[in-house]
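Its first residue numbered 1, the sequence shown is counted upward by one per residue in our numbering.
Beta carbons: idealized from backbone N, C-alpha and C, even for Gly.
All values derive from a computational prediction rather than experimental measurement.
Taking it in order: structure first as structure tokens, then the write-up.
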Amino acid sequence: MKILVIGAGNMGLTYAQGMSKSKLLKKKNIMVLDKSAEKLEELNNISHFDAFKELEDCVPKADIIFIAVKPYHAENLFKALKPFTKPGQVIVSIMAGVNIENIKKYSGLNKIVRAMPNLPAQIGKGLTSYVTSEEVSRLEKLTVESLLDTTGKSMEVTSEKLIDASTGISGSGPAYVFYFMQSMMEAALKMGFSKNDSSVLVSQTFTGAIELFNQSNLSPNSWMEKVASKGGTTRAALDSMEDNNVNELIKDAAFAAFNRAVEMGKEH
């Protein structure tokens, strides 16, 4: 089996690097295409990849084609891709907002997997949600899932609407966490901690809280109740968040990302 990754940006290269460790693939069975001369030089220095600049040199050889380019490149890329595709090839798209119907239309292929990864994939802790067209066989789905799992975990969803929704939760979600961390670090600085100590305080707090959550069956609300005693410091903080409607603001932010993913689909 040969894999082609089109686009050697952050996510494209992350998947290529992850898949290079898969037991499903032999060495040099991963091809990566990019138009940037600088990227090609970088790729040529990675022993387990074959780097390409032209579609005609690699597309016909591929069994599965990962598309990891910006959504606004989609239409032109698929039009350029179409003359070199062959029946039976599977396309895995990680382009936000580009739906399966349009990928079929412009690529001429029917076996489509639409996926939404997130940034922690870069360290093997990612979450990729995906949905497939009905033409994708069970074996092909299992193969793609195994490849997606090389960057963390994958989760099949039942509709493209849920791919857009996962954009608002897991796809954009790491930025929400960083936003909260930044706010806490700024508060720590104002309280008199050094920049380094502020970073350690916040990062270890997040790491510890997530580990507690992952190693139990308790809900976040249950953990909050464990930490917050009546009249105590944590209750004061949580009451402040409730008074300022932080819960609804966070949900509004997630829906803003979701709605933007839907809009991008219409644009592209």
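Whole angstroms are fine: how far does the CA of residue j sit from the CA of residue i?
{"i": "Asn10", "j": "Lys70", "result": "11 Å"}
{"i": "Pro220", "j": "Asp63", "result": "43 Å"}
{"i": "Asp57", "j": "Ser107", "result": "17 Å"}
{"i": "Gly232", "j": "Lys39", "result": "54 Å"}
{"i": "Gln122", "j": "Phe52", "result": "22 Å"}
{"i": "Ala236", "j": "Tyr176", "result": "23 Å"}
{"i": "Phe213", "j": "Glu186", "result": "25 Å"}
{"i": "Lys251", "j": "Gly168", "result": "10 Å"}
{"i": "Val131", "j": "Phe258", "result": "16 Å"}
{"i": "Ala68", "j": "Val92", "result": "9 Å"}
{"i": "Glu145", "j": "Phe180", "result": "31 Å"}
{"i": "Lys35", "j": "Leu249", "result": "41 Å"}
{"i": "Ile112", "j": "Ala261", "result": "19 Å"}
{"i": "Leu189", "j": "Ser222", "result": "30 Å"}
{"i": "Asn244", "j": "Ser183", "result": "15 Å"}
{"i": "Lys226", "j": "Leu33", "result": "51 Å"}
{"i": "Gly12", "j": "Lys104", "result": "21 Å"}
{"i": "Ala80", "j": "Ala256", "result": "33 Å"}
{"i": "Ser96", "j": "Glu263", "result": "Per the sequence presented here, residue 96 reads as Ala, with Ser not at that position. Straight-line Cα distance between these residues: approximately 10 Å."}
{"i": "Ser203", "j": "Met224", "result": "18 Å"}
{"i": "Gly124", "j": "Lys86", "result": "32 Å"}
Is DSSP giving residue i helix, strand or coil here?
{"i": "Asp57", "result": "helix"}
{"i": "Lys153", "result": "strand"}
{"i": "Ser93", "result": "strand"}
{"i": "Ile30", "result": "strand"}
{"i": "Ala51", "result": "strand"}
{"i": "Leu25", "result": "coil"}
{"i": "Ile6", "result": "strand"}
{"i": "Phe66", "result": "strand"}
{"i": "Asn259", "result": "helix"}
{"i": "Pro71", "result": "helix"}
{"i": "Ile46", "result": "coil"}
{"i": "Lys79", "result": "helix"}
{"i": "Thr85", "result": "coil"}
{"i": "Met264", "result": "helix"}
{"i": "Met1", "result": "coil"}
{"i": "Asn102", "result": "helix"}
Let me check understanding here. Comparing Cα to Cα, which of the options lies closest to residue i?
{"i": "Met116", "options": "Lys190, Thr151, Ser194, His73", "result": "Thr151"}
{"i": "Ile3", "options": "Glu42, Asn44, Phe49, Glu41", "result": "Phe49"}
{"i": "Ser133", "options": "Leu142, Gly124, Asn110, Asn118", "result": "Asn110"}
{"i": "Leu142", "options": "Asn29, Leu24, Ala8", "result": "Leu24"}
{"i": "Ser22", "options": "Pro120, Met1, Ala254", "result": "Met1"}
{"i": "Ala254", "options": "Ser166, Glu156, Val98", "result": "Ser166"}
{"i": "Glu267", "options": "Met31, Ile30, Val98", "result": "Val98"}
{"i": "Lys26", "options": "Tyr72, Asn45, Thr128, Leu147", "result": "Leu147"}
{"i": "Phe66", "options": "Met155, Arg114, Glu42", "result": "Arg114"}
{"i": "Val136", "options": "Ile100, Pro120, Asn118", "result": "Ile100"}
{"i": "Ile6", "options": "Ile94, Asn102, Met264, Ser170", "result": "Ile94"}
{"i": "Asn29", "options": "Lys230, Lys61, Leu55", "result": "Lys61"}
{"i": "Thr207", "options": "Phe178, Ser229, Leu218, Thr234", "result": "Phe178"}
{"i": "Phe283", "options": "Thr128, Val59, Lys230", "result": "Since the first residue shown for the chain is 1 and the last is 268, residue 283 is missing from the structure and cannot be characterised."}
{"i": "His73", "options": "Asp239, Ala37, Asn102, Met241", "result": "Asn102"}
Please tell me whether residue i has its Cβ less than 8 Å away from any Cβ of chain B.
{"i": "Lys153", "result": "Looking at the structure shown, chain B is missing, and only one protein chain is on hand."}
At what residue ranges does the stretch 105-148 contain a whole run of the beta strand (DSSP E), taking only runs of 3 or more?
111-116, 126-132
Determine contact between the stretch 193-200 and the stretch 159-177, defined as no fewer than three beta-carbon pairs at a distance below 8 Å.
no
Taking one C-beta from the stretch 11-22 and one from the stretch 136-152 each time, how about it: are there three or more such pairs within less than 8 Å?
yes
Considering only residues of the stretch 159-191, which uninterrupted alpha helix (DSSP H) runs meet the minimum length of 4 residues and lie entirely inside it, listed in chain order?
160-166, 173-190
Every unbroken alpha helix (DSSP H) inside the stretch 178-253 [4 residues or more]
195-214, 220-227, 233-243
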